[in-house]
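A.B. asks: Have a look at this one.
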Amino acid sequence: MRGVCFDGVDGECGEQLVNGQVGIGLATFPLQPRRPDLRTARVPLLCGNQKRGQRDLGDLIEDVTGTESHDLLEVTEIPAPAEVADRLGSEAGGSVVVRRRLIRLDDVPAGLIESYYPADIARGTPLAEARHYDSGTIRPLLDLASYDETVFATMPTPDERQQMYIAEGTPLLGRWRISYNSDNRPVQVTRQLVAADRYTFKHQHPIS
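Per UniProt numbering, the sequence shown starts with residue 1, numbered consecutively.
Shown next, in the form of structure tokens:
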């Protein structure tokens, strides 16, 4: 099985599977037809609101064997779509910087990520540049303190089917993440999509 981890700032941490021990999680595993033998990474389970100081899955990508790569598809400033503006607490049409990426594992498409940032924060920073960056230099800029997540299901567009190599009629699992700074301002909205026939989402929580 292969774990998928995403950058702790631009893509946020990947989904987690749990191995049966309370408080311990594993990275999400895509169900691909061709899979080499792999070991898995044991990482802290992070759910709900992530607080500053906790480690995310992106910090532990070196614990998962195999090669992960990111294709940076686009970085541009656009009018905020209504669904993004609503999550940023701004008016539709306000300027945002969007970074679109395709995540691969051993060159196999594993997911699509769109991350949106208020233009007043992103302009003049690496967030607005068409290149990869060190997340450690960006976290202080965003002052990330917590996030909320919503999981949803949808049907892919023709472009999404082509990019992710999925059959027509296959639904997608998606996740909206809203990240807040220490003043509780939304500073990042991330939309992630994965093929529903390749992923399983599982969380385990203790009952107190």
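Idealized CB from N, CA, C, for every residue including glycine. In this text the structure is predicted, and so the values were computed from the model without any measurement.
1. Using a Cβ-Cβ cut-off of 8 angstroms (strictly less than) and excluding sequence neighbours within five positions of A92, which residues of its own chain qualify?
2. From the DSSP output, in three-state form, read off S135 for me.
3. Identify every run of the alpha helix (DSSP H) within the UniProt domain "UbiC transcription regulator-associated" (63 to 200), keeping only runs that are complete inside it and at least 4 residues long; order them along the chain.
4. I113 and Q192: beta carbons closer than 7 angstroms?
5. Using 10 angstroms around the beta-carbon of P156, count the other beta-carbons present and answer buried if the total reaches 16, otherwise exposed.
6. With 16 as the cutoff for other CB atoms within 10 Å, does S69 come out buried or exposed?
7. Excluding the 5 residues preceding and the 5 following A196 in the sequence, name in chain order all residues of the same chain whose CB lies nearer than 8 angstroms to its CB.
8. Would you be able to state if there are at least three C-beta pairs under 8 angstroms between the stretch 180 to 192 and the stretch 131 to 144?
C.D. replies: With the structure as the only source:
1. Short of 8 angstroms from the beta carbon of A92, and not among the five residues preceding or following it, lie these beta carbons of its own chain, in chain order: P79, A80, P81, A82, A85, D86.
2. Here S135 sits in helix by DSSP.
3. Within the UniProt domain "UbiC transcription regulator-associated" (63 to 200), the complete alpha helix (DSSP H) runs of at least 4 residues are 82 to 88, 119 to 122, 135 to 142, 158 to 164.
4. Here I113 is near Q192, since their CB atoms are less than 7 angstroms apart.
5. Looking at its Cβ environment, which holds 16 or more other Cβ atoms inside 10 Å, P156 is buried.
6. Counting every other CB atom within 10 Å of its CB across the protein chains shown gives S69 a total below 16, marking it as exposed.
7. Here the set comprises A153, T170, P171, L172, L173.
8. With three or more CB-CB distances shorter than 8 angstroms, the stretch 131 to 144 counts as touching the stretch 180 to 192.
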